[in-house]
Ligand code: SF4
Ligand code: FES
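Residue numbers (this note's numbering), protein chains in the order written: chain A, 1400 to 1660; chain B, 22 to 499.
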């Protein structure tokens, strides 16, 4: 650890538990530190905060206007509730809308068994979609982009979390991805909406594939149920850069993956 | 033959077998139709998907024999990659197919057909099911359950219950087989073999009891199509096809299944969602029905000269002593199934002794090197073809599946007609007629969800149609 001034702390109540929060940290980071589980989708440790999915909403001081745990810093004497009936309903509705919007047929998806959307549905007890489906089951809305030699993009499985956009811009520094258009029409595009394989800025590093929460980005050649992502790689890289871990020869290794394991 | 009349659409019930019997002016049954209303939009589901998704996608969508689709699809994928799966993967796939044949045939014989065969076709329908059989013949039912379980264990060793992938993939399989898994399969083999031998014996007893049915249930000459080794040994997964005629003469041999379109035509049928394949060369007067051929267990034992294993070959010789070199009655599908269970177990034993089976190199990786690929395999019910075309990036652009039940449809129609001719004596559809039609269909073990209702009768709608197209009688069941 690099030496730093200890930051001041403030008292916060979270789900009835009185804890000391570090000033300026977000509600989410506090919650994770003290073992309170708040569901998230677009948030990923090591990337900038996007605040797009709204799954992380919490109640602060009984205010009807909900706050995003991933984007709201704590303040002294704040009272946070993360698990009210309203919040649970709200999250369930968001998850249902995500399912209604795309082609999320788990049984025929490469990420079956390793999908954050699927996990969210399970942990939030979503077993039914109350909205009209925006697609005919098994019929594509948009063609699969398999033009990249190593990876595949299936936009019908994309939840527009923008993790891939951010990891590419902020960690790899290539900025291949962008979310174009708005609302229901928004879609992930490579560069100026070219086939991925023609995006000359893509370094083929594969980080976007590792952080994708669903089966939208996958390794080419993955069979159904075979895809495994590794979103934690970003937190590892961020930490390693900050701490300049790979310069530490005393660790006895020069390779990031070895340090990591 | 008069116009074909479909049972009114309102009486089309999903999951029901639909049959129409067409009478001529003399009130005799002129023709019969088995309407297949499943398998809709299959091609649509697959178009636009990456090639690697196809094995599990087709297996999930057509769920009655998933292993067969995994295998044929993976082989079509291999053909598009242009690389063979590694030797260990090929052995694992063969193992899975043998397991699938054991479990599927055990289900067909013990759970679905044995109530008819052992309790009698006119037994009280309330107890003419696997539960009634359990009361009457617990030992036999236990044998069936044991065989089915063993087949499933073999399949699971390869495809796994694991969430991680589906075992059988384009390029090979996902995981090496461990020596523990092999030893586990070896441990159950003796009991399974004993059960299979006892079942072969049981099936010979049925030949006397059902002498009339052997004559009536689809006894007609036809072509037979199946995989077969060049030396005439029974084959279930690799290599080439052999076609013989009703007398056993070879029509074509060592035929590459990838060229199936050269020899098979596919007729679209107005009253069926399934295309009806026919043997082009045999067609006369432009009527696809004249190109009828049979696939599946009966075809395989007719096409092959031997199983290549001692116990099954003894059983095959005994059957040929009774019925001749060519088993031409579709009733004998049951016997062929029982013999194939025994042969599959013997082949499993040989595979388990093959050291290559445990080799750790099980998957070939390659980008697509061909635009089209055909994979064929012997599903329990008959030869299965998967035919894909892909674009430059390996996304599927066209799919054609030729499935066993479709290939047998013409023979099934003929079988139902023969049964109806023998048993329909007036303008009324009796229980006896329905029971026998059901048993006739079951002989083919069609892969329709209605036919695999394990717990009792097949849900059916049977219509009797007069020459003016009027429905004289219609019976619903189930
Ligand atoms: S492709 Fe994956 S990571 Fe990128 S926005 Fe869509 S769901 Fe998120
Ligand atoms: S995790 Fe906070 S808005 Fe997505």
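Ideal placement from N, C-alpha and C gives every residue a C-beta, glycine not left out.
Distance from the C-beta of residue 1441 (chain A) to the nearest heavy atom of ligand 2 is below 7 Å.
Your pair residue 242 (chain B) and residue 350 (chain B) does not check out as a contact, with CB atoms roughly 11 Å apart and the cut at 8 Å. Residues of the region 63-97 of chain B with a C-beta less than 8 Å from any C-beta of chain A: 65, 66, 69, 70, 71, 73, 74, 76, 77, 78, 81, 82, listed in chain order.
Contact between residue 422 (chain B) and residue 313 (chain B) is absent: CB atoms are separated by about 20 Å, not below the 8 Å threshold. Residue 1410 (chain A) has its alpha-carbon roughly 49 Å from the corresponding atom of residue 1598 (chain A).
Residue 416 (chain B) belongs to the set of residues whose beta carbon lies under 8 Å from a beta carbon in chain A.
Sixteen is the threshold: since fewer than 16 other Cβ atoms of the shown chains lie within 10 Å of the Cβ of residue 222 (chain B), the residue is exposed. For residue 386 (chain B), the residues of chain A that pass the 9 Å Cβ criterion are 1620, in the order they occur in the chain.
Residue 361 (chain B) is a Cβ neighbour of residue 126 (chain B), given a cutoff of 8 Å. Relative to ligand 2, the beta carbon of residue 1516 (chain A) is positioned no closer than 7 Å to any heavy atom. Sorting A:1523, A:1575, A:1572, A:1423 by C-alpha distance to the C-alpha of residue 1455 (chain A) places A:1523 at the top. In chain order, 448, 485, 487 place their CB closer than 6 Å to the CB of residue 493 (chain B), counting only its own chain and leaving out the 5 sequence neighbours on each side. By DSSP's assignment, residue 1578 (chain A) forms a beta bridge with A:1587. Two segments are said to touch when three or more pairs of C-beta atoms, one from each, lie closer than 8 Å; by this definition the region 405-420 of chain B touches the region 61-71 of chain B. Secondary structure note for residue 444 (chain B): it is in no beta strand (DSSP E), and the uninterrupted alpha helix (DSSP H) holding it is 430-444. Contact check for residue 203 (chain B) against residue 373 (chain B) passes: the beta carbons are separated by less than 8 Å. Contact between the region 191-207 of chain B and the region 88-107 of chain B is present, with at least three C-beta pairs closer than 8 Å. Residue 1562 (chain A) and residue 1610 (chain A) have their C-alpha atoms some 6 Å from each other.
Any Cβ of chain B closer than 8 Å to the Cβ of residue 1528 (chain A) would place that residue at the interface, and such an atom is absent.
Collapsing the DSSP output to three states places residue 1440 (chain A) in coil. Per DSSP, residue 96 (chain B) is one residue of the alpha helix (DSSP H) stretching across 87-102. Cβ contact annotation for residue 463 (chain B) (same chain, cutoff 8 Å, sequence separation greater than five): 129, 133, 134, 137, 472, 479, in chain order. For residue 1617 (chain A), the enclosing beta strand (DSSP E) stretches over residues 1616-1618. For residue 1497 (chain A), the distance from the CB to the nearest heavy atom of ligand 2 is not below 7 Å. Looking at the backbone, the Cα of residue 438 (chain B) and that of residue 215 (chain B) are separated by about 38 Å.
Counting only runs that start and end inside the region 340-416 of chain B, the alpha helix (DSSP H) elements of at least 4 residues fall at 354-373. Residue 171 (chain B) is positioned such that its CB atom lies no closer than 8 Å to that of residue 104 (chain B).
Between residue 399 (chain B) and the set B:261, B:39, B:482, B:190, the nearest pair of CA atoms involves B:261. Look at which beta carbons fall closer than 6 Å to any heavy atom of ligand 1; those residues are A:1557, A:1558, A:1559, A:1560, A:1561, A:1562, A:1563, A:1587, A:1610, A:1611, A:1612, A:1613, A:1615, A:1616. For residue 1595 (chain A), the secondary structure class from DSSP, reduced to helix, strand or coil, is helix.
The Cβ atoms of residue 1442 (chain A) and residue 1565 (chain A) lie no closer than 8 Å to each other. Between residue 1502 (chain A) and residue 1539 (chain A), the gap from beta carbon to beta carbon is short of 8 Å. For residue 1509 (chain A), the chain B residues whose Cβ falls inside 7 Å of its Cβ are 74, in order along the chain.
Burial check for residue 1530 (chain A): the Cβ neighbour count within 10 Å stays below 16, so the residue is exposed. Here residue 1484 (chain A) is exposed. Its C-beta has fewer than 16 other C-beta atoms within 10 Å.
If you look at residue 1522 (chain A), you'll find it isn't in any beta strand (DSSP E); it sits in the alpha helix (DSSP H) that goes 1515-1522.
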